[in-house]
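Numbering (the working numbering), first residue to last: 59 to 464. C-beta: ideal position from N, C-alpha, C; glycine also. Keep in mind the model is a prediction, meaning the values are calculated, not measured. Below you'll find the structure, written out as structure tokens, and then a few comments.
Set out below in structure tokens:
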């Protein structure tokens, strides 16, 4: 039997289940796979032989359609760092044992940078040991920081949510004529793509965010205070968008003064709190009314305002990864190559996962204004097509219907 295993990993997104559905659609159209399993909680499910029978759980078109527009990782997720197989071969043997037990020939891992690292390491292990398995990656991350793909599934929908939220906030804060500053903290440790999306709030004529600071450029407190003062001289309500990972010229995060210093499984410091730190700075240096807003998890789970472009591309990337696997490709990731901005045209390709894993795509400095407090027209041209299209959600009892696998 030729069975397939699929798993999801890393931070959830609005579009990650659409990629899963793309894999399932590929299976049903091809006739080359007998059974599809889903690993619960990412690679940990493969290690622990904790699998779901997706043939039984997702039987019909209605289930596929509902799952497509369900946010978060329906299979569950994990943040498990695979060691090199020379350091921890036992873990790799457990994965292969799961493959053998369930006659799995193909494995597709949907995730971000750390997930592609797992695909790369597992592919290498199979190659070195002459194991006949086909290991493929499918991209996912709201951070939009994966190498060799024009953009990542989940990013367009998160960008649409941010643009909409900033647009609504801009209306809210401008009803008073007293000086006030609102600072919005947006996800992005080392890549400021999501924060740049705040500029999209201007596409229908609104002012959107007045000041935008990405984490790629050194942040200077004195320059920031002067920028805010200059903007307050023009208008009473000032809206600022910042990346959570903004840091000064020494590399110290602005959020360090409010964060706990704790780290996650990958050694990444928890950095939320930059907006609160700047809130206090504005209060001390300017003295006007000021508040901090942290978008937090909402920006990656707001399926009610997902980009249809994002969802459709996510489906296609799942299908591309599947087709690559059953056609003998391994150690590759499905990716998007942009052909033009207007009209917006892309093609779906396969790229070597070894050139994706542990590489981080950040915003080009040329797409940030020289003053460091806004983005350029090139950034706007890149972003605009990614948020287009509205999803046709099914509602039940007044809220969007969702599909649960377990």
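With 16 or more other Cβ atoms inside 10 Å of its own Cβ, residue 371 counts as buried. Between the beta-carbon of residue 67 and that of residue 169 there is about 4 Å, and that keeps the pair under the 8 Å contact cut. About 4 Å separates the Cβ atoms of residue 59 and residue 161, confirming a contact at the 8 Å cut-off. By the neighbour-count criterion, in which 16 or more other beta carbons inside 10 Å mark a residue as buried, residue 313 falls on the buried side.
Bridge pairing for residue 240: 297 and 349 [DSSP].
Around the beta-carbon of residue 171, 16 or more other beta-carbon atoms lie within 10 Å, marking it buried. Residue 244 is positioned such that its CB atom lies closer than 8 Å to that of residue 252. Between residue 427 and residue 369, the beta carbon gap of about 32 Å keeps them out of contact (Cβ cut-off 8 Å).
In this structure, residue 451 and residue 362 form a Cβ contact; the two beta carbons are roughly 7 Å apart against a cut-off of 8 Å. For residue 194, the enclosing beta strand (DSSP E) starts and ends at 192–197. In its chain, beyond the 5 residues on either side, 257 have a beta carbon closer than 7 Å to the beta carbon of residue 438. Counting C-beta pairs with one atom in each stretch, the segment 186–199 and the segment 226–238 have fewer than three that are closer than 8 Å, which means they do not touch. Straight through space, the alpha carbons of residue 461 and residue 425 are spaced by roughly 39 Å. As computed with DSSP, residue 109 is found in a beta bridge with 97. Around the beta carbon of residue 397, fewer than 16 other beta carbons lie within 10 angstroms, which makes this residue exposed. Rounded to whole angstroms, the separation of the alpha carbons of residue 95 and residue 330 is 36 Å. In chain order, 425 place their CB closer than 6 Å to the CB of residue 436, counting only its own chain and leaving out the 5 sequence neighbours on each side. According to the DSSP assignment, residue 377 belongs to the alpha helix (DSSP H) that extends over 366–384. For residue 289, the enclosing alpha helix (DSSP H) stretches over residues 279–290. In the three-state scheme derived from DSSP, where H, G and I count as helix and E and B as strand, residue 418 is classed as strand.
Taking the Cβ atoms as the reference, residue 239 lies roughly 6 Å from residue 346, within the contact range of under 8 Å. It is roughly 18 Å from the alpha-carbon of residue 98 to the alpha-carbon of residue 117. Distance between residue 447 and residue 122, taken at the CA atoms: about 20 Å.
Annotated as proximal: residue 301 and residue 273, with beta-carbon spacing under 8 Å. Taking one beta carbon from each stretch, the segment 261–272 and the segment 340–356 have fewer than 3 pairs nearer than 8 Å; the two do not touch.
In this structure, residue 421 keeps its C-beta atom at 8 Å or more from the C-beta atom of residue 299.
A distance below 6 Å between beta-carbons, with the five flanking residues on each side excluded, links residue 380 to the following residues of its chain, in chain order: 81 and 84. Taking all protein chains shown into account, residue 120 has fewer than 16 neighbouring C-beta atoms within 10 Å of its C-beta and is therefore exposed.
The three-state secondary structure of residue 73, taken from DSSP, is coil.
The criterion of a C-beta distance shorter than 8 Å is satisfied by residue 387 and residue 408.
The beta-carbon separation of residue 335 and residue 352, rounded to 12 Å, does not stay under the 8 Å limit for a contact. In the three-state reduction of the DSSP assignment, residue 398 falls in the strand class, which pools E and B. Taking a C-beta distance under 8 Å as the contact criterion, residue 413 and residue 206 qualify as a contact pair.
The three-state secondary structure of residue 428, taken from DSSP, is coil.
In the structure shown, the three-state DSSP call for residue 438 is helix. Ranking 221, 103 and 277 by CA distance to the CA of residue 309 puts 277 first.
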